[in-house]
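Below you'll find the structure, written out as structure tokens, and then a few comments.
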Amino acid sequence: MSAQAHSSGTSIKFLNHGPDIDSADMKNIFDRFFQEDPSHQHSSQSRGLGLSIVRSIMQLHGGRCRVESGGGLTCFHLGFPYRKAGGDAASSAGRQADTAHEFQKAR
242 MSAQAHSSGT SIKFLNHGPD IDSADMKNIF DRFFQEDPSH QHSSQSRGLG LSIVRSIMQL
302 HGGRCRVESG GGLTCFHLGF PYRKAGGDAA SSAGRQADTA HEFQKAR
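Adding 241 to a residue's 1-based position in the sequence shown gives its number in the working numbering.
Have a look at this one:
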């Protein structure tokens, strides 16, 4: 996992070593109930909801998610834009610090 701040937001990457995801499957990987491996369709441990939930959360935050796979490496990219609520990034960071402080006081 790695994270990087940019002028437009923050990106997070999750890397996974293993078998490549087929390009046809990557088109559907964020769909509800999609499972790349058909043998997991009746598994009690996997329902195919995890990545669709990720996509929904990203959309709620105005962000984006995508996946790349090849050469034994799969990378999930999450992009969170900076919010422009009430001003610049510095005021947003100040509100986040205030929220974190309030959370600590509540504990």
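Glycine included, C-beta positions come from ideal geometry on N, C-alpha and C.
Outcome for residue i when other beta-carbon atoms lying within 10 angstroms are tallied against a minimum of 16
{"i": "serine 310", "result": "buried"}
{"i": "asparagine 257", "result": "exposed"}
{"i": "aspartate 339", "result": "Annotation note: pLDDT 42 at aspartate 339 (below 50); position unreliable, coordinate value reported separately. With fewer than 16 Cβ atoms within 10 Å of its Cβ, aspartate 339 is classed as exposed."}
{"i": "phenylalanine 255", "result": "exposed"}
{"i": "leucine 290", "result": "exposed"}
{"i": "isoleucine 294", "result": "exposed"}
{"i": "phenylalanine 317", "result": "buried"}
{"i": "arginine 336", "result": "In this prediction, arginine 336 has a pLDDT of 44, which is less than 50 and means its spatial position is unreliable; what the coordinates show is noted afterwards. Looking at its Cβ environment, which holds fewer than 16 other Cβ atoms inside 10 Å, arginine 336 is exposed."}
{"i": "isoleucine 298", "result": "exposed"}
C-beta atoms of residue i and residue j nearer than 8 Å
{"i": "glycine 303", "j": "serine 252", "result": "no"}
{"i": "glycine 238", "j": "proline 322", "result": "Because the chain is modelled from 242 through 348, residue 238 falls outside the range shown and cannot be assessed."}
Unbroken alpha helix (DSSP H) run spanning residue i, endpoints
{"i": "arginine 296", "result": "291-301"}
{"i": "serine 264", "result": "264-267"}
Whole-number beta carbon distance between residue j and residue i, since they are thought to touch under 8 Å
{"i": "methionine 267", "j": "valine 308", "result": "5 Å"}
{"i": "aspartate 261", "j": "glycine 313", "result": "7 Å"}
Residue range of the unbroken beta strand (DSSP E) whose run includes residue i
{"i": "proline 260", "result": "Note, proline 260: premise wrong, no beta strand (DSSP E); not H, not E."}
{"i": "serine 248", "result": "Per DSSP, serine 248 belongs to no beta strand (DSSP E) and is neither H nor E."}
{"i": "arginine 273", "result": "Taken as a continuous stretch (DSSP letters only), arginine 273 belongs to no beta strand (DSSP E), as it is neither H nor E."}
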